[in-house]
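Contents: one structure, followed by commentary.
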Amino acid sequence: MHSYDAKTQNLADSVLRYAQERLAMDPPPLDHPQTFEALRAAAPSTVTEEGIGGEEALDLFARVLSPACLSVDHPGYLAFIPTAPTEAASLFDLVVSASSIYGGSWMEGAGAVYAENEVLAWLAREVGLPETAGGVFVQGGTLGNLSALVTARYRAQVRRERAGLPRPDRWKVIISAESHSSLRSAARIMDIDVIPADAGEDGKLDGDEVSRALAEAGDGVFALVATAGTTNFGIVDDLAGIAQVAKDNDLWFHIDGAYGLAGILSPEARYRYAGAEHADSFIVDPHKWLYAPFDACALVYRNPQIAKAAHTQHAEYLDALETDTEWNPSDYAIHLSRRTRGLPLWFSLATYGVGAYRKAIGGCIALAREIAEDIRQREGFTLVRDPELSVVVFQRDGWALPDYEAWCARLLDNGTAFLVPSSHQGKPVMRFAIVNPRTTLTQLRAILDSMDRNAQNPVAP
Ligand SMILES: *Cc1c(COP(=O)(O)O)cnc(C)c1O
Numbered sequence: 007m008h009s010y011d012a013k014t015q016n017l018a019d020s021v022l023r024y025a026q027e028r029l030a031m032d033p034p035p036l037d038h039p040q041t042f043e044a045l046r047a048a049a050p051s052t053v054t055e056e057g058i059g060g061e062e063a064l065d066l067f068a069r070v071l072s073p074a075c076l077s078v079d080h081p082g083y084l085a086f087i088p089t090a091p092t093e094a095a096s097l098f099d100l101v102v103s104a105s106s107i108y109g110g111s112w113m114e115g116a117g118a119v120y121a122e123n124e125v126l127a128w129l130a131r132e133v134g135l136p137e138t139a140g141g142v143f144v145q146g147g148t149l150g151n152l153s154a155l156v157t158a159r160y161r162a163q164v165r166r167e168r169a170g171l172p173r174p175d176r177w178k179v180i181i182s183a184e185s186h187s188s189l190r191s192a193a194r195i196m197d198i199d200v201i202p203a204d205a206g207e208d209g210k211l212d213g214d215e216v217s218r219a220l221a222e223a224g225d226g227v228f229a230l231v232a233t234a235g236t237t238n239f240g241i242v243d244d245l246a247g248i249a250q251v252a253k254d255n256d257l258w259f260h261i262d263g264a265y266g267l268a269g270i271l272s273p274e275a276r277y278r279y280a281g282a283e284h285a286d287s288f289i290v291d292p293h294k295w296l297y298a299p300f301d302a303c304a305l306v307y308r309n310p311q312i313a314k315a316a317h318t319q320h321a322e323y324l325d326a327l328e329t330d331t332e333w334n335p336s337d338y339a340i341h342l343s344r345r346t347r348g349l350p351l352w353f354s355l356a357t358y359g360v361g362a363y364r365k366a367i368g369g370c371i372a373l374a375r376e377i378a379e380d381i382r383q384r385e386g387f388t389l390v391r392d393p394e395l396s397v398v399v400f401q402r403d404g405w406a407l408p409d410y411e412a413w414c415a416r417l418l419d420n421g422t423a424f425l426v427p428s429s430h431q432g433k434p435v436m437r438f439a440i441v442n443p444r445t446t447l448t449q450l451r452a453i454l455d456s457m458d459r460n461a462q463n464p465v466a467p
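Residue numbers for the sequence shown follow my numbering, so the first one is 7 and each next one is one higher.
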């Protein structure tokens, strides 16, 4: 089990060949889920006293398990927020796995942490934060948002204590009604109240709307959260306006950019993010639109010292790691042991350069604009909103939810595309979430063509 013998060498050949073949697929099959019963029948007992052997397990994975997982990097995967890791990023994930690096402390993982921090510093520069900014890669945006809010509340608590003020009855955070579910989840975990700010008809939260929510919220608000790229529509809130309210009221300003903050890399879209430079913290998920494999969220603080004070775990057995000069990633979020999950992005950036990212992201924005224009011109279709980033939301006139669902099921069945209906103002809508540079206009048009009521066999794969 722990000797690299001839048998291991054979298994290594098989595993690496499998990985190589999967990476070379262009496109990979979309695949589709299976029922528990079907999987139980095809893969009955795999965890046994004797084991079934690596070759057999790999074969089972290739034949049964992997085809029961959607290929999120398929160019027709347009639901939720897809992912499309670069070849270099996926390759380097294999290296990270083979390297047994503990990413929680500088003492143990200095070289890897150094490289991860290069990426975080670059992101901070793009957003416009000072050089002293810093943070950590966490598992996902949900954990990033929670860790940032915990830091924000900690700062508010300390300030109250120092000022000799009592704790408020309830701590509160102001978020847009359009913001991501993970923020409400964070509030539940923290046992704080969410004060929803109405983002209005346009779905874009601005300073006035936040001010109104703040005026009604009463005592205990410690943070304002803006979204840079809402999940449903890809709308970037009025960051400058919200930042001003935060400044005027001495509140923490957090930007949830899990999906959309990547758009700041595109020179044409950059203006939408004016005001991002005032953030006290932000997140962006490399596993969404920064072309890294699952799972990674970059969490960056303007003043990481506050995060460190809020998050560092203290224990006798950890004391040896505590120094004032070394950067311990575990100190900046809710975690301790960690994979250096920022390294695939680091390797990919080093391989292709930032310019390639700007181009790829800009390409998705351009494609979204083109297909939106197509939808606007199409008879029987309604474009719900002009896309700001790379999410396009539309309706097929006269269709109800069951029509959309049946159509989506057909597309998934024939391996063409993965779409799921969403809703807007109580009505079902369809959305294209485009992050994959392999997705083409022709393909999107063919998908729209297949929404013809009479189309029995939508688009060939
Ligand atoms: C996806 C998303 C999240 C959650 O990120 P995970 O990595 O899935 O945990 C949070 N906020 C926004 C805006 C998102 O799009």
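Beta carbons are placed, not taken as given, at the ideal position from N, Cα and C, and that holds for glycine. Since we're looking at a predicted model, the values are computed, not measured.
On the DSSP bridge list, what partners appear for residue i?
{"i": "threonine 388", "result": "Gln401"}
{"i": "serine 428", "result": "Val435"}
{"i": "proline 202", "result": "Ile181"}
{"i": "tyrosine 307", "result": "Gly140, Ser287"}
{"i": "alanine 118", "result": "Looking at the DSSP assignment, alanine 118 forms no beta bridge with any residue, so it has no partner."}
{"i": "valine 216", "result": "DSSP output for valine 216 lists no bridge partner at all."}
{"i": "threonine 233", "result": "Asp262"}
{"i": "valine 133", "result": "Answer by DSSP bridge pairing: none, since valine 133 is not bridged."}
{"i": "tyrosine 338", "result": "Tyrosine 338 pairs with nothing; no bridge assigned."}
{"i": "valine 242", "result": "Ala234"}
{"i": "valine 78", "result": "Answer is none; valine 78 lacks a bridge partner."}
{"i": "valine 227", "result": "Lys178"}
{"i": "tyrosine 279", "result": "Note: tyrosine 279 sits in no beta bridge, so no partner."}
{"i": "tyrosine 479", "result": "With the chain covering only 7 through 467, there is no way to say anything about residue 479."}
Taking all protein chains shown into account, decide if residue i is buried (16 or more other Cβ within 10 angstroms of its Cβ) or exposed.
{"i": "proline 39", "result": "exposed"}
{"i": "serine 187", "result": "exposed"}
{"i": "glutamate 62", "result": "exposed"}
{"i": "histidine 320", "result": "exposed"}
{"i": "methionine 436", "result": "buried"}
{"i": "glutamine 462", "result": "At glutamine 462 the pLDDT is 49, less than 50, meaning the model places this residue with poor confidence; the figure from the coordinates comes in the next sentence. That one is exposed."}
{"i": "glutamine 15", "result": "exposed"}
{"i": "tyrosine 363", "result": "buried"}
{"i": "histidine 8", "result": "exposed"}
{"i": "threonine 157", "result": "buried"}
{"i": "tyrosine 83", "result": "buried"}
{"i": "proline 88", "result": "buried"}
{"i": "glutamine 26", "result": "exposed"}
{"i": "alanine 96", "result": "Looking at the sequence shown, residue 96 is not alanine but serine. Result: buried."}
{"i": "proline 50", "result": "exposed"}
{"i": "glycine 141", "result": "buried"}
{"i": "leucine 407", "result": "exposed"}
{"i": "threonine 54", "result": "exposed"}
{"i": "methionine 31", "result": "exposed"}
Taking only the alpha-carbon atoms, compute the straight-line gap between residue i and residue j and give it to the nearest angstrom.
{"i": "glutamate 122", "j": "threonine 346", "result": "7 Å"}
{"i": "isoleucine 195", "j": "glycine 170", "result": "27 Å"}
{"i": "arginine 375", "j": "valine 399", "result": "11 Å"}
{"i": "aspartate 380", "j": "aspartate 455", "result": "11 Å"}
{"i": "phenylalanine 42", "j": "phenylalanine 424", "result": "21 Å"}
{"i": "leucine 76", "j": "arginine 69", "result": "14 Å"}
{"i": "valine 242", "j": "aspartate 79", "result": "24 Å"}
{"i": "tyrosine 410", "j": "threonine 388", "result": "14 Å"}
{"i": "proline 464", "j": "asparagine 420", "result": "Residue placement at proline 464 is poorly supported in this model, since its pLDDT is 47, which falls under 50; the coordinates are not used for a value here."}
{"i": "alanine 85", "j": "aspartate 199", "result": "30 Å"}
{"i": "tyrosine 160", "j": "glutamate 332", "result": "22 Å"}
{"i": "alanine 205", "j": "alanine 90", "result": "31 Å"}
{"i": "alanine 104", "j": "alanine 252", "result": "45 Å"}
{"i": "alanine 412", "j": "aspartate 403", "result": "16 Å"}
{"i": "phenylalanine 228", "j": "leucine 135", "result": "21 Å"}
{"i": "arginine 451", "j": "arginine 382", "result": "12 Å"}
{"i": "valine 119", "j": "glycine 432", "result": "46 Å"}
{"i": "leucine 22", "j": "alanine 193", "result": "43 Å"}
{"i": "arginine 258", "j": "alanine 232", "result": "In the sequence under discussion, the amino acid at residue 258 is tryptophan, which differs from the arginine named in the question. If you take the alpha carbons of tryptophan 258 and alanine 232, they lie about 11 Å apart."}
{"i": "arginine 190", "j": "alanine 130", "result": "26 Å"}
{"i": "lysine 365", "j": "serine 336", "result": "33 Å"}
{"i": "glycine 247", "j": "isoleucine 107", "result": "42 Å"}
{"i": "leucine 324", "j": "glutamate 124", "result": "25 Å"}
{"i": "glutamate 93", "j": "proline 350", "result": "10 Å"}
Would the C-beta of residue i count as close to ligand 1, meaning under 7 Å from any of its heavy atoms?
{"i": "histidine 260", "result": "no"}
Hey, would you say the C-beta of residue i is under 7 Å away from at least one heavy atom of ligand 3?
{"i": "arginine 344", "result": "You won't find ligand 3 in this model; what it holds is ligand 1."}
| request: Under 5 Å from any heavy atom of ligand 1, by CB: list those residues in chain order, please. | output: Gly146, Gly147, Thr148, His186, Ser188, Thr237, Asp262, Ala264, Tyr265, Asp291
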